[in-house]
Every structure is written in structure tokens, then in C-alpha cells.
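Reviewing the structure listed below.
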Amino acid sequence: MRTITLIAGLIVVLSSCTAPSPPATDPAVERAAVERAITQWFDSGVAVGDTTVIRRGVTPTFALLEDSVWYDQTGFVKFVQSLPTLLGGPFTMRYNLTEWKTAVHGHVAWTSLRNRAVLTPQEGSPVPLDWRETAVLTKVDGRWLI
4 MRTITLIAGL
14 IVVLSSCTAP
24 SPPATDPAVE
34 RAAVERAITQ
44 WFDSGVAVGD
54 TTVIRRGVTP
64 TFALLEDSVW
74 YDQTGFVKFV
84 QSLPTLLGGP
94 FTMRYNLTEW
104 KTAVHGHVAW
114 TSLRNRAVLT
124 PQEGSPVPLD
134 WRETAVLTKV
144 DGRWLI
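For the sequence shown, our numbering gives the first residue as 4, with consecutive numbering after it.
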């Protein structure tokens with residue numbers, strides 16, 4: 004009898020030491036969080052040239068293919084900083100992100116979307132742009148990063 008009591012006690016102690024299961028996540032909530040992360044990165048970072056926001060929204064292994072050129076995090080920040088020079092002066096950019104196709108699997112997500120933007124130089128006419136985006140994100144410390 005003493006052996007059964009000891010084994011039962013040991014099972015209770017061991018079962019209380021296991022890590023709790025992570026809470027189940029709602030797929031719709033996670034997809035919305037991924038899409039929000041991308042939208043904020045464009046609107047608060049890329050559109051206004053805020054390199055702090057750009058860096059904060061990406062992983063250290065970030066890679067981007069832009070017009071046949073591969074950029075890492077540092078290279079993309081330099082590219083964004085050079086845009087006023089490349090475009091002949093200050094400009095504003097407004098993005099409209101639509102047609103999302105987002106999938107989440109654990110701590111990894113991928114999405115594609117249509118990006119319609121209007122680039123307005125300080126001097127000159129607005130230039131409408133329209134292209135497709137694809138991104139892979141990783142969830143790090145509760146935040147979706149590109």
C-alpha cells in the first residue's frame with residue numbers, strides 16, 4: 004500500500020512540474036495581427052522613411068528583393084534613406100494594401116497582397132504605383148516581424 008501511495012504522490016508532483024500548454028490562438032486574430040504588422044511597417048516606417056520603425060518591424064535575418072536587388076536589414080534602411088536623392092527631392096507615399104492572402108502556422112506566417120501606392124514628389128505630379136507583395140513573418144516575443 005505504501006508503494007502505491009508513493010507512486011501516486013510522485014505522479015502528482017511530476018504532472019504539476021510540466022509546462023502548461025500554450026493557449027490556443029484564434030487563426031483569424033493571428034491573420035489580422037500579421038496584416039496589421041505589415042500595414043504599420045509600410046505606413047509608419049517605409050512611407051515616412053522612419054528607419055527606427057523599419058528596423059523594429061523586421062528580424063535580424065530580414066531579406067527583401069526589390070527591383071532585382073537583394074537587401075538585408077542594413078541595406079534596406081540605406082535604400083530607404085537614399086530615396087529622396089534617387090527621386091530628386093522630398094516626397095510623400097501613401098499605401099493601400101488589399102487582396103490579402105494570409106496563412107499562419109504556429110510562429111510562422113506568410114502573406115501576399117496587392118499594394119497600390121501614390122508617390123507624390125514635392126514638385127511634380129503624383130505617380131500611381133501598383134504591385135504585388137509577398138512576405139514571410141516570424142512571431143518573436145509576441146510580435147509578428149518580417
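For each residue, glycine too, the CB sits at the ideal point set by N, CA and C.
So what does DSSP say about residue i, is it helix, strand or coil?
| i | result |
| --- | --- |
| PHE82 | helix |
| PRO129 | coil |
| LEU90 | coil |
| TRP134 | strand |
Could you pull out every residue in the same chain whose Cβ sits closer than 8 angstroms to the Cβ of residue i, ignoring the five residues on either side in sequence?
| i | result |
| --- | --- |
| GLN43 | VAL56 and GLY60 |
| LEU89 | none |
| ALA66 | TRP73, TYR74 and ASP75 |
Beta carbon of residue i, beta carbon of residue j: below 7 angstroms?
| i | j | result |
| --- | --- | --- |
| VAL107 | GLU38 | no |
| LEU100 | LEU116 | yes |
| GLN125 | PRO93 | yes |
| ASP133 | ARG146 | no |
| VAL80 | THR64 | no |
| THR137 | LEU148 | no |
| TRP113 | VAL83 | no |
Tell me which residues share the same chain as residue i and place their Cβ nearer than 6 angstroms to its Cβ, disregarding the 5 neighbours each side in the sequence.
| i | result |
| --- | --- |
| THR95 | THR123 |
| VAL143 | none |
| THR62 | THR141 and LEU148 |
| PRO131 | VAL121 |
Quick one: what's got a C-beta closer than 7 angstroms to residue i's C-beta in the same chain, skipping five residues either side?
| i | result |
| --- | --- |
| ASP46 | TYR98 |
| GLU102 | LEU116 and ARG117 |
For the stretch 19 to 71, which segments carrying the beta strand (DSSP E) assignment without a break, of at least 3 residues, lie completely within its bounds, in sequence order?
The stretch 19 to 71 contains these whole beta strand (DSSP E) runs: 66 to 69.
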